[in-house]
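Following: one structure in C-alpha cells, then a few remarks.
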Amino acid sequence: MTHSDRLAAHPTPLESRSRGSLTGKVRVPGDKSISHRALILGALSVGQTTISGLLEGEDVLNTAKSMQALGAKIERTGPFAWQVRGVGVAGFAQPAGPLDFGNSGTGCRLVMGAVAGCPISAVFDGDASLRSRPMRRILDPLELMGARTGEAKEGGRLPLTLYGARDPVPILYRTPVASAQIKSAVLLAGLAAPGVTTVIEQEASRDHTELMLKHFGAQIVSTNEGSHGRKIALTGQPELHGADVVVPADPSSAAFPIVAALIVEGSDIVFSDVMTNPLRTGLFTTLREMGASIEESDVRGDAGEPMATLRVRASKLRGVEVPPERAPSMIDEYLVLAVAAAFAEGTTIMRGLQELRVKESDRLEATAEMLRVNGVKVEVAGDDLIVEGRGHVPGGGLVATHMDHRIAMSALVMGLAADKPVKIDDTSFIATSFPDFIPMMRGLGAEFSS
Numbered sequence: 000m001t002h003s004d005r006l007a008a009h010p011t012p013l014e015s016r017s018r019g020s021l022t023g024k025v026r027v028p029g030d031k032s033i034s035h036r037a038l039i040l041g042a043l044s045v046g047q048t049t050i051s052g053l054l055e056g057e058d059v060l061n062t063a064k065s066m067q068a069l070g071a072k073i074e075r076t077g078p079f080a081w082q083v084r085g086v087g088v089a090g091f092a093q094p095a096g097p098l099d100f101g102n103s104g105t106g107c108r109l110v111m112g113a114v115a116g117c118p119i120s121a122v123f124d125g126d127a128s129l130r131s132r133p134m135r136r137i138l139d140p141l142e143l144m145g146a147r148t149g150e151a152k153e154g155g156r157l158p159l160t161l162y163g164a165r166d167p168v169p170i171l172y173r174t175p176v177a178s179a180q181i182k183s184a185v186l187l188a189g190l191a192a193p194g195v196t197t198v199i200e201q202e203a204s205r206d207h208t209e210l211m212l213k214h215f216g217a218q219i220v221s222t223n224e225g226s227h228g229r230k231i232a233l234t235g236q237p238e239l240h241g242a243d244v245v246v247p248a249d250p251s252s253a254a255f256p257i258v259a260a261l262i263v264e265g266s267d268i269v270f271s272d273v274m275t276n277p278l279r280t281g282l283f284t285t286l287r288e289m290g291a292s293i294e295e296s297d298v299r300g301d302a303g304e305p306m307a308t309l310r311v312r313a314s315k316l317r318g319v320e321v322p323p324e325r326a327p328s329m330i331d332e333y334l335v336l337a338v339a340a341a342f343a344e345g346t347t348i349m350r351g352l353q354e355l356r357v358k359e360s361d362r363l364e365a366t367a368e369m370l371r372v373n374g375v376k377v378e379v380a381g382d383d384l385i386v387e388g389r390g391h392v393p394g395g396g397l398v399a400t401h402m403d404h405r406i407a408m409s410a411l412v413m414g415l416a417a418d419k420p421v422k423i424d425d426t427s428f429i430a431t432s433f434p435d436f437i438p439m440m441r442g443l444g445a446e447f448s449s
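Residue numbers (numbering that gives the first Met the number 0): 0 to 449.
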C-alpha cells in the first residue's frame, strides 16, 4: 500500500463556512511544474544544481525520491532549498526497487521520458488514483524512440515496467492533444538521442520544459506552427550543466485563494512572486473578463519564467464564455473557475474540457457534482461545462473529493462564501500539491472546522 493509499484509508473530512473578509499578504507554494522539472534536469546535468522555493508537497518529494533511486544525489539544505548533484544525460543507474509516484501524473510521465533514453529498466507505480490513469499516449512516442514497455496493466496503466533504449533514435512527433506531459517526455528522452528530436503541437501547451532545458544548456528552438501551434526542435546528446533555479509561486495553487478573495465580500489579498507565464495564466485572463480586480506589479523573471506580485480584491463577477483554445493554459484551474462562475451573475460556458476526464478523477463530472450538491444549476454537454450563476451559492452539501486535491480545495473555497457551510469528505490529498493550504487560508481569515 502506497502512502497515498494509506491516507485514503483514513479520511479527514472538513467544513468551510462564511465568516468575514479575507485579508493579508502571502506567497503560495512554489510551482509544481517547475519543481518537478528542476529536480529531473538537475539529475540529468553534470555538476550541482541549487533550487530555492521548491514545492515540498508529496508529488514533488516523490520525484526527488525517484531521482535518488536513479543515482542522483539529492539534499535538502533548508526550508524549500535543495541541492542536486546530477549524473549527466543518459546516466541514470538501475533502481533497486519500484519508483513510487504516489498521486503524481506529472512526475511519473516526465520521469518515464527521462528513463526512456537510458539503457536501464524501471518499474513505475503509484496510488490507486494514478494506477487508474492512462499512460499509453506517453508510451507510444517513447517506443518509437526505442524504449519498450514490459509488464503493464490494460491500456498501459501502472504498475508497468519501462525498458529504456540502448540506442535511442530521434523522432519527429505530432502530439495528438495539447499536452505538456507528452511533449516533455519526448524531449527528455530526446536528450539521449543523436540528432534532432522534434515535437509539433497543433495547440501550444505549457513551455516550462523548453525554457528550463535552455537554462540548463540545451540547444532547443521553438517556432510558431500554424495559428496556435508550436514546433520544438531539440539537439540531442548535450552536456547539461547544473544551474541555479528560483521556483516562482504556483499560479495553479494561487488560483484557490485568488478566487476566495474575489467571492468573499470585502476581501483584499496580495500574492507575491506568482508565475505569469502566458501559457499558465488563462485563469487570470478569464477572471478579468468576468470583472475581477487583479492588479499586477513588480514584474521580473528567473530561469526564463516571468513572475509578479498580484493584488486581488472582492469583485462582482459576470458569466462569460471560455474558448476551447484557452484550455491548455488553465487546465488545472477549471474546477475553481467553476466555483467563481457559480457566484457570478449569468451563465458561464467552459468549452473543450476533454482533458479533465483523464486527471486524478473525471474532473469534469466531479466538478459538476460538487456544484449540484450545493444548489448550483450546472450541465455537462459533451466536453463543455455550463454553470448558471446567480450571484450566490446555497451551499449545505457534502462533496465527494474522489482522492483529488483540487476538488477538495475548490469545495472549501466555495464554502467560504456560500449561504450554508460546505463539507468535503477528505482533506488528505491536499498535501500532494499545497501542504499549507488550510493553515494559510486560516491566516487570511477563513473558517474551517472538522
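Just so you know, even glycine gets a beta-carbon here, dropped at the ideal spot from N, CA and C. Since the model is a prediction, treat every value here as computed from it, not as a measurement.
Limits of the alpha helix (DSSP H) - the one that residue i falls within
i      : result
Gln180 : 179-189
Phe123 : Element bounds for Phe123: not the alpha helix (DSSP H) but the beta strand (DSSP E), 120-124.
Asp424 : That residue, Asp424, is in no alpha helix (DSSP H); it is neither H nor E in DSSP.
Ser34  : 31-42
Ser252 : 250-262
Pro305 : Looking at the DSSP string, Pro305 is not in any alpha helix (DSSP H); the run it does join, the beta strand (DSSP E), is 304-312.
Glu142 : 135-143
Leu282 : 281-288
Thr208 : 207-214
Met413 : 404-414
Counted within 10 angstroms of its Cβ, other Cβ atoms place residue i as buried (16 or more) or exposed
i      : result
Gln180 : buried
Val412 : buried
Gly85  : buried
Val298 : exposed
Ser449 : exposed
Glu332 : buried
Asp126 : buried
Pro247 : buried
Asp58  : buried
Asp418 : exposed
Thr174 : buried
Asn373 : buried
Arg356 : exposed
Thr347 : buried
Ser15  : buried
Thr208 : buried
Leu190 : buried
Gly52  : buried
Extent of the continuous beta strand (DSSP E) to which residue i belongs
i      : result
Phe270 : 267-274
Gln47  : 47-51
Val377 : 376-380
Glu224 : 219-224
Val502 : This structure cannot speak to residue 502, because the chain is shown only from 0 to 449.
Leu233 : 228-234
Phe436 : That residue, Phe436, is in no beta strand (DSSP E); its alpha helix (DSSP H) goes 436-443.
Other residues of its chain near residue i: CB distance less than 6 Å, five sequence neighbours each side excluded
i      : result
Thr62  : His35, Leu38, Gly106
Val269 : Lys24, Arg310
Ala399 : Asp424
Ala445 : Leu415
Met0   : Any reading at Met0 needs caution, since the residue's pLDDT is 46, under 50, leaving its predicted position unreliable; the model's value is listed next. Within the same chain, Met0 has no close Cβ partners at all.
Asp435 : none
Met440 : none
Ala113 : Ile39, Leu187
Residues of its chain near residue i, where Cβ-Cβ distance is below 8 Å and the 5 sequence neighbours each way are ignored
i      : result
Arg135 : Gly154, Gly155
Gly90  : Leu43, Gly70, Cys117
Gly149 : Ser120, Leu159, Thr160, Leu161, Tyr162
Arg5   : In this prediction, Arg5 scores a pLDDT of 48, lower than 50, which makes its location untrustworthy; no coordinate-derived value is stated.
Ile429 : His404, Ala407, Met408, Phe436, Ile437
Distance between beta carbons of residue j and residue i, contact taken as under 8 Å
i      : j      : result
Val220 : Ala232 : 5 Å
Leu159 : Ala151 : 3 Å
Leu141 : Asp124 : Not quite, the Cβ-Cβ distance comes to about 17 Å (not below 8 Å), so this is no contact.
Gly281 : Ser328 : 3 Å
Glu344 : Gly390 : 5 Å
Ala341 : Val375 : 4 Å
Leu187 : Gly216 : Wrong, their Cβ atoms sit about 15 Å apart, outside the cutoff.
Ala302 : Leu443 : 29 Å between Cβ atoms; not a contact.
Val83  : Gly41  : 3 Å
Thr49  : Asp243 : 5 Å
Neighbour flag for residue i against chain B, beta carbons, 8 Å
i      : result
Gly106 : Considering every chain present, this structure includes no chain B. It has just one protein chain.
7 Å CB neighbourhood of residue i in its chain, flanking five on each side removed
i      : result
Ile170 : Pro140, Leu143, Met144, Thr196
Pro94  : Ala68, Leu69, Ala121
Ser17  : Leu415, Ala416, Ala417
Contact test: residue i Cβ vs the ligand MG heavy atom, cutoff 7 Å
i      : result
Met329 : The model depicted lacks the ligand MG and carries no ligand whatsoever.
Whole beta strand (DSSP E) elements within the stretch 79-124, 3-residue minimum: 80-84, 120-124
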